[in-house]
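Single-structure report; data block below.
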Amino acid sequence: MSKSSLKQTLKDLETKKISIRELNQDYLKRIKEKDNLNVFIHFNEDNVLKQIDNLEKDNSVKKLKGIPIAIKDLFCTKSMPTTAASKILENFNPTYESFVTQKLLDEGSIFVGKTNLDEFAMGSATNTSFFGNTINPLSKENEPLAPGGSSGGSAAAVAADLCLGATGTDTGGSIRQPASFCGVVGIKPTYGLCSRWGIAAFASSLDQAGIFSHNVEDASILLQSIAGFDQRDSTSAKVNIPNYFENLDDDLNGKTVGIPKEYSIDGTPMEISQIWEDAIKVLEKKGVKIKNISLPHTKYALPTYYIIAPAEASSNLARYDGVKYGFRSDEIDSLDEMYENTRAQGFGREVKRRILIGTYVLSAGYYDAYYLKAQKVRKLIADDFNKAFKECDFIVTPTAPSAAFPLNEKQNDPIKMYLNDVFTVPASLAGLPGISIPFGKDKNNLPLGIQILGKHFDEQQVFNAAVSLERSYE
Amino acid sequence: MNNLIKGEKYDWEIVIGLEIHAQVKSNSKLFSSSSTKFGSSPNSQVSLVDAAMPGMLPVINKYCVEQAVKTGIGLNAKINNYSVFDRKNYFYADLPQGYQISQYKYPIVGEGKVTIDFKDGTSKDIRIVRLHLEQDAGKSLHDQNPSKTYVDLNRSGVALMEIVSEPDIRTPDEAGMYISKIRSILMYLDTCDGNMQEGSLRADVNISVRKPGDEYGTRCEIKNLNSIKFIKQAINYEAKRQIEILESGGSIEQNTMLFNTSTGKTRPMRNKEEAHDYRYFPDPDLLPLEISKEEIGKIKSSIPELPDELKNKFIETYKLSNYDASVLTAEKQTSDYFNETINSDSELKNHAKIVVNWITSELFSLLNKNNQDLNNSPVSPENLGQLVKLISTNEISGKIAKDVLEDMFSSGKTARQIVDEKGLQQVTDQGEIAKVIDEVIAENPKMVEQYLAGKDKLLGFFVGQAMKLTKGKANPKMLNDILKQKLNKKN
Chain R
52 MSKSSLKQTL KDLETKKISI RELNQDYLKR IKEKDNLNVF IHFNEDNVLK
102 QIDNLEKDNS VKKLKGIPIA IKDLFCTKSM PTTAASKILE NFNPTYESFV
152 TQKLLDEGSI FVGKTNLDEF AMGSATNTSF FGNTINPLSK ENEPLAPGGS
202 SGGSAAAVAA DLCLGATGTD TGGSIRQPAS FCGVVGIKPT YGLCSRWGIA
252 AFASSLDQAG IFSHNVEDAS ILLQSIAGFD QRDSTSAKVN IPNYFENLDD
302 DLNGKTVGIP KEYSIDGTPM EISQIWEDAI KVLEKKGVKI KNISLPHTKY
352 ALPTYYIIAP AEASSNLARY DGVKYGFRSD EIDSLDEMYE NTRAQGFGRE
402 VKRRILIGTY VLSAGYYDAY YLKAQKVRKL IADDFNKAFK ECDFIVTPTA
452 PSAAFPLNEK QNDPIKMYLN DVFTVPASLA GLPGISIPFG KDKNNLPLGI
502 QILGKHFDEQ QVFNAAVSLE RSYE
Chain W
3 MNNLIKGEKY DWEIVIGLEI HAQVKSNSKL FSSSSTKFGS SPNSQVSLVD
53 AAMPGMLPVI NKYCVEQAVK TGIGLNAKIN NYSVFDRKNY FYADLPQGYQ
103 ISQYKYPIVG EGKVTIDFKD GTSKDIRIVR LHLEQDAGKS LHDQNPSKTY
153 VDLNRSGVAL MEIVSEPDIR TPDEAGMYIS KIRSILMYLD TCDGNMQEGS
203 LRADVNISVR KPGDEYGTRC EIKNLNSIKF IKQAINYEAK RQIEILESGG
253 SIEQNTMLFN TSTGKTRPMR NKEEAHDYRY FPDPDLLPLE ISKEEIGKIK
303 SSIPELPDEL KNKFIETYKL SNYDASVLTA EKQTSDYFNE TINSDSELKN
353 HAKIVVNWIT SELFSLLNKN NQDLNNSPVS PENLGQLVKL ISTNEISGKI
403 AKDVLEDMFS SGKTARQIVD EKGLQQVTDQ GEIAKVIDEV IAENPKMVEQ
453 YLAGKDKLLG FFVGQAMKLT KGKANPKMLN DILKQKLNKK N
C-alpha cells in the first residue's frame, strides 16, 4: 500500500497532476471499500461531493484546498451531526462549527466524515462507542485488533488511507496511543495551543486537539493550520505559531535528549524496551547528547489522572440531562426520573463508571483526600518536567506499553485498560506537547511507537526530533 | 437598647444573618454576550453558552468584575487580587450546565462593613463576610401547562453578587435597615438597579434564637425573599416558631425554609440530611481572576460619593441631625434632589432644615398620595427651593405654603406664580394687622371680657378670627404679638 503524503498531494494539486475531484474520488472509493472497519460514525458521500463542487467554484488560493480530512466526532460541525459516540447525542446537529474545524474549512480542506471514538473520548480501544468498535486496519483476517483510543477512528482513517490527515483529541493519550497502535504519526500539542471551543468536553484541564497524519512533515503542516489563539476559550494561549513545516530541521547535533529512568517499568515487553534503546542509539549517532533524567513522581501520574479527569468529566457531562437537546428517555413521570432514565439509558458503561468515580472524588469528605491531593501531585509532576527540561531539549520514551491488542481483550478489566496511558498521561498532566511516531515492530510485525515530549509551546523541537528519527528509520 | 422578644417563659434574642443576591447592572451576562434586559420574550436572550451546548465555554465579562470590585469598595471591603471561579454542581431543569459557576474558596471581595442609622441618632455596624460573583439560573414556568414545565433561559447566566453578612443583625427592623442600606449603596454605585419587584435584589435570611448571653442556636435559612416587608414578616414568624419549639422542650432542626407570602408562614423545604452536596471545585474552563492594585485604584477613583460620606458632609455643611441626613442620603435620588434644591439659591444654605422638611415630609407625602417617584416629581428642585425661600423670607406662611405646594404639584406652576396670582403674600404691615385686630376685638366684647378674666385659651379664638379676615395671610408672629399687646392694654 503506497500512501501519498499530504505534502506530495499539495504539489500534485498545484501542478494539476491531479484534480480535487479525482483526488477525493479516490479516497471516497477506499472509504466505501473499508466500510467493515467501522471508522466513521458519519459518512455521507453526497456531502463530500457537494464540498468538491463548492471548492471547484472557488478561485481563491487556500493552503489545504481540496485535501480530504477526517474529523473526530467530538468536534462540533455544522454540516454533519456530532455525537461524541454517545446515544445521548444521537441525532444532535450543532448550529456552530468548532474553532479547529472552522480553521480547516477556512484553509479549503474537505471533510470526508466524522470518525468513531470511545464515548466522550473515555477509553483506550475505541470500544466504548455507542456506534460499535472500530477495527485496526492492520488487523490480520479473523484476528481483529483494537485501533487504540479514544481517537481510534481518526488513527484508523489515516492508517487505512481514507484521508490525508485527521483531527483527534488527547486527554491522557487519546491521540498518541492510537497513533502508535495504527502505525501513524499523532501529535498532541501544548495545552492551550488549539482552542477547545466547540469540542465536546471530557476533562477541560487536559483536553487538547491534535493531528494524525502519515508522516511528521504532514503533521507539521496540519498542526500549523489548527493552532491559534481564540478569545472564546479562556485557556487558549496567546503565542506566536511558527511555520513548523518551513522550520523543520533534522539536524539534532548538539541537542540533549532526556531519558527518564521512571519509564522503565517492570513488565514492559522486551520489544518496547528494544525500540526505545534503538531510538536512543539513532539519536546518539546524530550527535545528540544522552542525558539520564529523573521524573520522580511519574508513578503517581496514572492515579492522579484517574481522579482529575473523571472529576471534571462528572461535571462536564451534567449538561446532558434530556432537557435541552439530545436523547431524552420516554419513561418520565418526574424531573428526577427524567434525569435518571435519560442518563442511565443515554450513557454507556465506561462513561457512567467515570461519572461515578468523579462524583465520588469531589464529594464532601473525600474532596481533600482525592481531588485536592491529586491537584497537588499534578503540580509536582509538572515541576518534575520543568526541572528536567533545564537539562535537556526534549524527552524520548515509548508511547504505549504494548502494540495493538486484540479487539475485546481488555474490555472487562478497566484497570488493565487504564494502564495503556502510563507513558502518555504524565505529559498530559503537565500540559506538554508530545508526538508519537511509528518506530519498529513487534514480533507479530505490528507497529510500535516512540513518544517525543517537548517544552511548553516548543512544538518545533518536537517536530525536529521526530522528523530526524523518522528519516533515519525510513 | 432592648432587642429581646418575650416568649411564654423567657426573653429571647434573635440572631440574623443575610445573604443578599444582587443582580449586577450590566448589559450582558457574566460569561456570555447575551443581553440581560428584563421582561423580554422567553428564551430570546440565550446564547450557545447560556444553553450549555456541547463544547461551549464561558468567558468572563470584565465589566461585571469591575462592578463587583466597585461594590466591594462601597462596602468598605477588602478587594482580593486573586479569586477563583468554582463549579457548584446540582441538577435542575433551569440550570443548563448542571452546575452554577460561582466563587467558593476565593471570593473576589473579602471582609467589609456597612453602618445602619437609627431614629434616636445612634448607629450600628453590620459586618460583611464576603461578596462573590456567580451566575443566575434560568426560570422554570410551572403554570403554563397542566402537565408540563417550561424553561425560560433568559436569566440563565446573568451575573449576581452574593453579599454575605455576619450574624450581626438582631431585629426584623435592623434586617430591613441593613438591606435598605445595601440597596442604597448599590444604587449610588450604579452596580445594581435595586429593583426588588423584578428580583434584581433578593435575600436568603438565616435566623436562630438564643437566650441573651448563650451560644448561637441552630439556624434555619429562609430562601429567596424579595421585599423588605416579607423579610420582616418572615423573621417575625420564624423567630416565634423557633421560640415556641424551644420553650416546649423541643430542638430546632437545621432546615432550609420557604416563606409563603400569602399566609405569612414559613415551611421547611429540605432538612440537613437532604441538603445538596454541591461538589464545588475550581472551574477548569476559567483561569483564576487576577486584579492588580492599579486596576483597583482606577476603579476606586471612579466611585461617586457614597451615602455615608454624603451623610457626614450634610451634617457638617448644613448642621443637619444624623437621622435627617441619613433619610436624605438613603436614596440617591433624594440626596440628588436635596443638592439641587439647596444649590438653587445661595440663601437656602441657611435654611437647610426647612428644605429637608419640605422634601421628606410635604413633597414625599404628595408623591406617595399620587403614586409618583421623586425622579419624575412634577415639582422641580428649583421650584421647591423658591417655595422654601418664600417661607424663609416670611413672604408666605408655612400653612399657606402647603396649599401652594399642592397647587404647584397639580398645575406645574412656580411658587412665585401661584403666590402672585392668588395674592397670597403675607400681610406684614403692622398697621394693617392692627386694624384687623381692632375689628375682631370690637366685634367680640364678651370674649374679650372672658379672656381678661383669665381664660387665656381664648387667644387662639382671636387669632383664628383675625386670620380668617386676612384669609390666612397675616404674619402669625406679628399677629400674635399685636393681639396680646392690644388685649393687655384693655386690662
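If you read the sequences in order, they're chains R and W. Take the first sequence: its position 352, counting from 1, is numbered 403 in this note's numbering, and each next residue is one higher. Take the second sequence: its position 402, counting from 1, is numbered 404 in this note's numbering, and each next residue is one higher. The C-beta atom is built at its ideal place from N, Cα and C for all residues, glycine as well. Since the model is a prediction, treat every value here as computed from it, not as a measurement.
#1: Take ALA436/W as the anchor and find which of PHE463/W, ALA468/W, ASP422/W has the nearest alpha-carbon.
#2: Could you give the distance in angstroms between the alpha-carbon of PRO240/R and the alpha-carbon of GLY174/R?
#3: Using only the alpha-carbon positions, how far apart do MET52/R and GLY491/R sit?
#4: From the beta carbon of PRO383/W, is the nearest beta carbon of chain R less than 9 Å away?
#5: Among the residues of its own chain, which have a CB less than 8 Å from the CB of LEU106/R, if the five just before and after it don't count?
#6: Let me know if SER315/R comes out buried or exposed under the rule of 16 or more other beta-carbons within 10 Å of its beta-carbon.
#7: When the Cα of ALA53/W is compared with those of LYS375/R, GLU382/R, ILE486/R, which residue comes out closest?
#8: How many whole angstroms separate the CB atoms of ILE89/W and ASP285/W, which I take to be in contact at a CB cut-off of 8 Å?
#9: Ignore the nearest five residues each way along the sequence and tell me which others in GLN146/W's own chain have a CB closer than 6 Å to its CB.
#10: Please go through the same chain and pick out, in chain order, the residues whose beta-carbon is closer than 7 Å to the beta-carbon of VAL476/R, but skip the five residues on each side of it.
#11: With a floor of 4 residues, list each alpha helix (DSSP H) that falls wholly inside the segment 114 to 200 of chain R, ordered by position along the chain.
#12: Which residues of chain R have a Cβ atom closer than 7 Å to the Cβ of GLN99/W, listed in chain order?
#13: Any contact between the segment 502 to 510 of chain R and the segment 458 to 471 of chain R? By contact I mean 3 or more CB pairs, one from each, below 8 Å.
#14: Below 9 Å on C-beta distance, what does ILE293/W contact in chain R?
#15: Identify every residue that forms a DSSP beta bridge with ALA217/R.
#16: Under a Cβ-count criterion, where at least 16 other Cβ atoms within 10 Å of its own Cβ denotes burial, should ARG272/W be classed as buried or exposed?
#17: Note down the Cα distance separating VAL51/W from LEU97/W, rounded to an integer number of angstroms.
#18: Between the segment 19 to 33 of chain W and chain R, which residues of the former have CB atoms less than 8 Å from a CB of the latter, in chain order?
#19: Per DSSP, what kind of secondary structure is MET163/W in: helix, strand or coil?
#20: Going by other Cβ atoms of all chains shown within 10 Å of its Cβ, with 16 needed for buried, is ASP284/R buried or exposed?
#21: Please report the Cβ distance between ASN82/W and PHE33/W, rounded to the nearest whole angstrom; I am assuming they are in contact, meaning their Cβ atoms lie under 8 Å.
#22: Report yes or no: do the segment 436 to 444 of chain R and the segment 397 to 411 of chain R share at least 3 C-beta pairs separated by less than 8 Å?
#23: I'd like the list of long-range same chain contacts for GLY183/R, defined as Cβ closer than 6 Å, with 5 residues on each side in sequence excluded.
#24: If you run the structure through DSSP and keep just helix, strand and coil, what is GLY201/W?
#25: Could you pull out every residue in the same chain whose Cβ sits closer than 8 Å to the Cβ of SER348/W, ignoring the five residues on either side in sequence?
#26: Which class does VAL131/W belong to by DSSP, given the choice of helix, strand or coil?
#27: Under a Cβ-count criterion, where at least 16 other Cβ atoms within 10 Å of its own Cβ denotes burial, should GLU521/R be classed as buried or exposed?
#28: Quick one: what does DSSP say TYR152/W is sitting in, helix, strand or coil?
#29: To the nearest angstrom, report how far apart ASP157/R and ASP138/W are at their CA atoms.
#30: Report all residues from its chain with a CB closer than 6 Å to the CB of MET3/W; omit the five preceding and five following residues, and keep chain order.
#31: Please confirm whether PRO119/R and VAL163/R have their CB atoms less than 9 Å apart.
#32: Would you list the one or two residues that DSSP bridges to MET259/W?
#33: Excluding sequence positions up to five away, which residues of its chain have a Cβ less than 7 Å from the Cβ of ALA516/R?
#34: Quick check on LYS321/W: buried or exposed, where buried means 16 or more other Cβ atoms within 10 Å of its Cβ?
#35: Look up THR448/R in the DSSP assignment and give the residues it is bridged to.
#36: Are the C-beta of THR258/W and some C-beta of chain R separated by less than 9 Å?
On the basis of the supplied data:
#1: In the second sequence, the residue the question calls residue 436/W occupies position 434. Per the C-alpha coordinates, the member of PHE463/W, ALA468/W, ASP422/W positioned closest to ALA436/W is ALA468/W.
#2: Residue 240/R sits at position 189 when you count from the first residue of the first sequence. Residue 174/R sits at position 123 when you count from the first residue of the first sequence. Each residue's alpha carbon lies about 20 Å from the other.
#3: Locating residue 52/R in the first sequence gives position 1, counting from the first residue. Locating residue 491/R in the first sequence gives position 440, counting from the first residue. Low confidence applies to MET52/R: its pLDDT is 38, below 50, so where it sits in the model is not reliable, and the reading given next is rough at best. C-alpha separation (whole angstroms): 18 Å.
#4: As a working note, residue 383/W is residue 381 in the second sequence. False, the Cβ-Cβ gap to chain R never drops below 9 Å.
#5: Along the first sequence, read from residue 1 onward, the residue named residue 106/R stands at position 55. If we look at LEU106/R and ignore the five residues flanking it on each side, its Cβ neighbours are ILE71, LYS116, GLY117, GLY159, ILE161.
#6: Counted from its first residue, the first sequence places residue 315/R at position 264. Classification for SER315/R: exposed.
#7: Within the second sequence, numbered from 1, the residue matching residue 53/W stands at position 51. Distances from the CA of ALA53/W to each of LYS375/R, GLU382/R, ILE486/R were compared; the closest alpha carbon is that of LYS375/R.
#8: If you number the second sequence from 1, residue 89/W lands on position 87. If you number the second sequence from 1, residue 285/W lands on position 283. Note on residue identity: the sequence assigns Arg, not Ile, to residue 89/W. Contact holds; Cβ gap of about 5 Å.
#9: Numbered from its first residue, the second sequence carries residue 146/W at position 144. TYR152, listed in sequence order.
#10: Here residue 476/R is taken as the residue at index 425 of the first sequence, counted from 1. Closer than 7 Å at the Cβ level, and outside the excluded window around VAL476/R, lie GLY223, GLY224, ALA352, LEU353, TYR356.
#11: As summarised for the segment 114 to 200 of chain R, the continuous alpha helix (DSSP H) elements at least 4 residues long and confined to that stretch are 150 to 157, given in chain order.
#12: Numbered from its first residue, the second sequence carries residue 99/W at position 97. When 7 Å is used as the limit between beta carbons, GLN99/W is near these residues of chain R: ALA369, ARG370, in chain order.
#13: Output reads no: the segment 458 to 471 of chain R does not touch the segment 502 to 510 of chain R.
#14: Residue numbering aside, residue 293/W sits at position 291 when the second sequence is read from its first letter. Simply none; closest approach about 15 Å.
#15: Locating residue 217/R in the first sequence gives position 166, where the first residue counts as 1. Partner(s): ALA121/R, PHE263/R.
#16: For the purposes of this step, residue 272/W is taken as residue 270 along the second sequence, with counting starting at 1. By the neighbour-count rule (16 or more Cβ atoms within 10 Å), ARG272/W is not buried but exposed.
#17: In the second sequence, residue 51/W corresponds to position 49, counting from 1. In the second sequence, residue 97/W corresponds to position 95, counting from 1. Roughly 12 Å separates the two Cα atoms.
#18: Answer in chain order: no residues at all.
#19: Translated into the one-based positions of the second sequence, residue 163/W becomes position 161. The three-state reading of DSSP puts MET163/W in strand, counting E and B together.
#20: Taking the first sequence and counting its residues from 1, one reaches residue 284/R at position 233. By the 10 Å Cβ count, ASP284/R comes out buried.
#21: Your numbering for residue 82/W matches position 80 in the second sequence. Your numbering for residue 33/W matches position 31 in the second sequence. In this structure ASN82/W does not touch PHE33/W by the C-beta definition: roughly 19 Å separates them, more than the 8 Å allowed.
#22: The segment 436 to 444 of chain R is not in contact with the segment 397 to 411 of chain R.
#23: Within the first sequence, the letter at position 132 stands for residue 183/R. Cβ neighbours of GLY183/R beyond the five flanking positions: ASN89.
#24: Residue numbering aside, residue 201/W sits at position 199 when the second sequence is read from its first letter. Coil at GLY201/W, not helix or strand.
#25: Here residue 348/W refers to the residue found at position 346 when the second sequence is read from its first residue. Close CB contacts of SER348/W within its chain, under the 8 Å cut and outside five residues either way in sequence, are absent.
#26: Here residue 131/W corresponds to residue number 129 of the second sequence, with the count starting at 1. In this structure, VAL131/W counts as strand in the three-state DSSP scheme.
#27: Walking along the first sequence from the start, residue 521/R turns up at place 470. So GLU521/R ends up on the buried side.
#28: As a first step, residue 152/W must be located in the second sequence, where it is residue number 150. Strand at TYR152/W.
#29: Residue 157/R sits at position 106 when you count from the first residue of the first sequence. Residue 138/W sits at position 136 when you count from the first residue of the second sequence. Answer to the nearest angstrom: the Cα atoms are 37 Å apart.
#30: In the second sequence, the residue the question calls residue 3/W occupies position 1. Below a pLDDT of 50, predicted positions are generally treated as unreliable, and MET3/W, at 49, falls in that range; the measurement from the model is reported next regardless. For MET3/W, same chain residues with a beta-carbon under 6 Å away, outside a window of 5 residues either side, do not exist.
#31: Taking the first sequence and counting its residues from 1, the one referred to as residue 119/R is at position 68. Taking the first sequence and counting its residues from 1, the one referred to as residue 163/R is at position 112. It is a contact, given that the beta carbons lie within the stated cut-off.
#32: Working through the second sequence from its first residue, we reach residue 259/W at position 257. MET259/W is bridged to ILE224/W, PRO270/W.
#33: As a working note, residue 516/R is residue 465 in the first sequence. Take ALA516/R, set aside five residues on each side of it, and the residues of its chain with a beta-carbon closer than 7 Å to its own are LEU303, PHE445, ILE503, in chain order.
#34: Walking along the second sequence from the start, residue 321/W turns up at place 319. The residue is exposed, with fewer than 16 neighbouring Cβ atoms inside 10 Å.
#35: Counting from 1 along the first sequence, the entry for residue 448/R is found at position 397. Answer by DSSP bridge pairing, in chain order: GLN502/R.
#36: If you number the second sequence from 1, residue 258/W lands on position 256. In terms of beta-carbon proximity, THR258/W stays away from the interface with chain R, with every pair separated by 9 Å or more.
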